[in-house]
Each structure stands twice: as structure tokens, then as C-alpha cells.
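Here the structure comes first, spelled out in C-alpha cells, and everything after it is commentary.
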Amino acid sequence: MKIKDNPSKNNSSEYSEKLNKISKNIRKRRSVFANDFIKKELPEKLLEEILINATWAPTHKMTEPWRFIVFREKYLKEYGQYMAHYYKDFYDELSAEAKKEKLNYLANYPLNAACLIGVIMVRNTKIDLPEWEEIAAISSAVQNIALTCTAHKIGSYWSTKQVALDYVAQFGLAANEKSLGLLYLGYYPENLKSSSKKRTPLSKKVIYLE
Numbered sequence: 001m002k003i004k005d006n007p008s009k010n011n012s013s014e015y016s017e018k019l020n021k022i023s024k025n026i027r028k029r030r031s032v033f034a035n036d037f038i039k040k041e042l043p044e045k046l047l048e049e050i051l052i053n054a055t056w057a058p059t060h061k062m063t064e065p066w067r068f069i070v071f072r073e074k075y076l077k078e079y080g081q082y083m084a085h086y087y088k089d090f091y092d093e094l095s096a097e098a099k100k101e102k103l104n105y106l107a108n109y110p111l112n113a114a115c116l117i118g119v120i121m122v123r124n125t126k127i128d129l130p131e132w133e134e135i136a137a138i139s140s141a142v143q144n145i146a147l148t149c150t151a152h153k154i155g156s157y158w159s160t161k162q163v164a165l166d167y168v169a170q171f172g173l174a175a176n177e178k179s180l181g182l183l184y185l186g187y188y189p190e191n192l193k194s195s196s197k198k199r200t201p202l203s204k205k206v207i208y209l210e
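To convert, note that position 172 of the sequence shown is 172 in the UniProt record's numbering; the numbers rise steadily by one, no gaps.
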């Protein structure tokens with residue numbers, strides 16, 4: 001067995017100067033948090049495109065183990081209030097003024113989002129696949145959402161905190177369903193600072209067997 005750490009003598013990919021659209025889109029994707037959102041309505045057709053693209057994720061045995069709930073308008077305020085109530089005892093060590101400030105921040109946090117999308121795993125009752133495969137499929141669906149958002153200059157991120165899991169779980173989940181949190185979608189200012197995060201060089205993550 002011959003192991004090569006790097007098949008090319010060049011440090012950079014031969015395509016580094018001419019990245020195609022999909023490569024640019026993948027590398028531009030980043031999490032944009034709700035406190036950076038500006039209030040702007042998401043067109044219905046665009047939202048539909050985002051959700052349709054989610055459903056084209058790879059899925060073993062075509063189980064399509066996802067379901068989504070779109071939260072808009074009054075539900076943004078409701079979720080903010082839900083978070084503030086959820087964490088009302090969490091900040092007890094703070095002063096009354098600091099605690100009030102924290103809870104007000106949570107109550108207002110979702111308000112500039114265009115929408116929230118509840119992510120639900122639906123286990124197939126006839127095809128018994130490992131849970132990790134179904135979660136992998138849903139993660140691919142979420143990535144499709146994120147990439148579509150990036151292409152349309154919409155910010156997004158996936159909140160999997162317990163508060164998000166519990167909120168979505170209230171909305172009539174069946175015995176074979178499980179909440180996987182909330183996706184935040186929203187517009188952001190054009191001058192929003194780009195992420196400075198870097199990726200580990202490929203040579204440290206990949207080996208080639210020949």
C-alpha cells in the first residue's frame with residue numbers, strides 16, 4: 001500500500017484562480033446570527049425555492065426523513081418571549097438590571113428574522129435505518145438551505161440549543177418524529193464584516209491511497 005499525503009507538487013489547487021460558482025458559493029457560506037439581521041420580507045417564491053432545494057438532499061432508500069415548520073410574523077415574537085421565559089432563572093446570579101437586559105435581548109432576538117424554520121426528523125416506520133443516516137440526510141437538507149440562502153445573499157444559521165429543540169417539539173410531533181432545532185433566515189447589511197475563519201489545509205485532513 002502506497003500512501004501519499006499530497007498528489008500534487010503545487011500548494012494550491014489548479015482551479016484556485018477559476019473557481020466555479022458552486023465552489024464560490026460553498027466557500028462563502030457562513031453562519032449569520034439574528035442580531036446581524038435587518039428587517040426585510042422574504043419573497044414567497046424564494047422561500048419555496050429554498051425549501052424545495054432542501055428536499056433534494058441525498059436520502060438513503062428515499063426515506064426523505066424531514067419535515068419543516070415555517071414560523072413568521074407573530075411567531076417570531078412568540079419565540080423571543082419563549083426564550084426569555086425559558087432562561088428566566090438562568091441569570092439569577094446577575095443584578096436585577098443586568099438580568100432584565102439579558103432577557104429583553106432574548107425577547108427581541110428573533111424579531112428581525114425573515115422567518116424561522118423548525119427542523120423535524122421523521123423516522124420511517126416501515127424502513128428501519130440507523131438514526132445517524134437519517135440525521136445525515138437532514139443535515140444535507142439544511143446545507144442545501146444554507147447554500148441557497150448564500151446564493152441569494154440571505155443569512156442563515158442552525159440553532160440546536162435545547163430551547164430551540166423544545167420550542168419546535170410543542171407543535172404536534174408524532175411518536176416517530178424528533179425536533180432538531182430551528183433555522184434562522186434573514187437579510188443582513190451589505191457592509192457586514194466577512195468571517196475571518198480559516199480551514200485546516202487539505203494536506204492535514206486527506207491522504208491518497210494508490
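Here a beta-carbon is modelled for each residue, glycine too, at the ideal position from N, C-alpha and C.
Residue i to residue j, Cα distance in whole Å?
{"i": "Y188", "j": "A175", "result": "38 Å"}
{"i": "Y95", "j": "Y105", "result": "Per the sequence shown, residue 95 should be read as Ser rather than Tyr. For S95 and Y105, the distance between alpha carbons rounds to 15 Å."}
{"i": "V142", "j": "I127", "result": "22 Å"}
{"i": "A66", "j": "A57", "result": "The sequence given here has Trp at residue 66, not Ala. Cα to Cα, W66 sits roughly 10 Å from A57."}
Please list, in chain order, all residues of the same chain as residue i whose beta carbon is under 7 Å from its beta carbon, the five residues on each side excluded.
{"i": "T150", "result": "N25, K28, R29"}
{"i": "L51", "result": "F68"}
{"i": "E133", "result": "H60"}
{"i": "D36", "result": "G155, Y188, L192"}
{"i": "T63", "result": "N124, I127, L129, E134"}
Enumerate in chain order the residues of its own chain whose CB-to-CB distance from residue i is below 8 Å, with the five nearest sequence positions on each side excluded.
{"i": "L88", "result": "A small correction: the amino acid at residue 88 is Lys; Leu does not occupy that position in the sequence shown. Cβ neighbours of K88 beyond the five flanking positions: L103."}
{"i": "T200", "result": "none"}
{"i": "N20", "result": "none"}
{"i": "Y75", "result": "L116"}
Looking at residue i: is its Cβ nearer than 8 Å to the Cβ of residue j?
{"i": "L182", "j": "G80", "result": "no"}
{"i": "A169", "j": "S179", "result": "yes"}
{"i": "G155", "j": "V32", "result": "yes"}
{"i": "A54", "j": "N144", "result": "yes"}
{"i": "E177", "j": "V122", "result": "yes"}
{"i": "N112", "j": "K39", "result": "yes"}
{"i": "A146", "j": "E41", "result": "no"}
{"i": "L46", "j": "H152", "result": "yes"}
Return helix, strand or coil for residue i, following the three-state DSSP convention.
{"i": "N11", "result": "Because N11 carries a pLDDT of 47, less than 50, the predicted location of this residue cannot be relied on, and no value is offered for it."}
{"i": "L42", "result": "coil"}
{"i": "L209", "result": "strand"}
{"i": "S196", "result": "coil"}
{"i": "L185", "result": "strand"}
Nearer than 7 Å: is that true of the beta carbon of residue i relative to any heavy atom of the ligand NAD?
{"i": "E41", "result": "Inclusion of the ligand NAD in the displayed structure is not the case, the ligand content being empty and no account of it being possible."}
Leaving out five residues on either side along the sequence, give the residues of the same chain with a beta carbon under 6 Å from the beta carbon of residue i.
{"i": "A107", "result": "G80, Q81, A84"}
Next item on the list: Output the residue ranges of the beta strand (DSSP E) runs that lie fully inside the stretch 124-182 and measure 3 residues or longer, sorted by chain position.
Entry: 155-159
Next item on the list: Report the residue ranges of all beta strand (DSSP E) runs contained in full by the stretch 50-101; include only those spanning at least 3 residues, in chain order.
Entry: 66-71
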